[in-house]
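According to our numbering, the stretch in the sequence shown is residues 628 to 703, in order. Ideal Cβ positions, reconstructed from N, Cα and C, are used throughout, including at glycine. Taking it in order: structure first as structure tokens, then the write-up.
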Amino acid sequence: MRDLIEYIAKALVDKPEDVEVKQTEGEKTTIVELRVAQEDLGKVIGKQGKTARAMRIILNAAGTKLGKRCVLEILE
């Protein structure tokens, strides 16, 4: 999960070296926290949140395949 979000985020931003992804595993839930540079935050969120929503959908699809619920948090 972590690698998937990191790969997508690095492809979107201007400063891929500032992309940080942290994954916290729970019993049934996985929380993936994404941090990017302040100037890249808009690119990751996208117009009306469409890019962030698409990333969450991809993460949920991958999680469902593994039998887990996945949550993506985009942090400043």
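Taking 8 Å as the cut-off, the beta carbon of M628 is found no closer than this to the beta carbon of A681.
Excluding residues up to 5 positions away in sequence, P643, V646 lie with their Cβ nearer than 6 Å to the Cβ of K637 in the same chain.
Judged by beta-carbon spacing, Q665 lies beyond the 8 Å limit of V659, meaning their Cβ atoms are not closer than that value. Taking C-alpha positions only, D630 is separated from L686 by approximately 11 Å.
For E654, there is no enclosing beta strand (DSSP E), as DSSP gives it neither H nor E.
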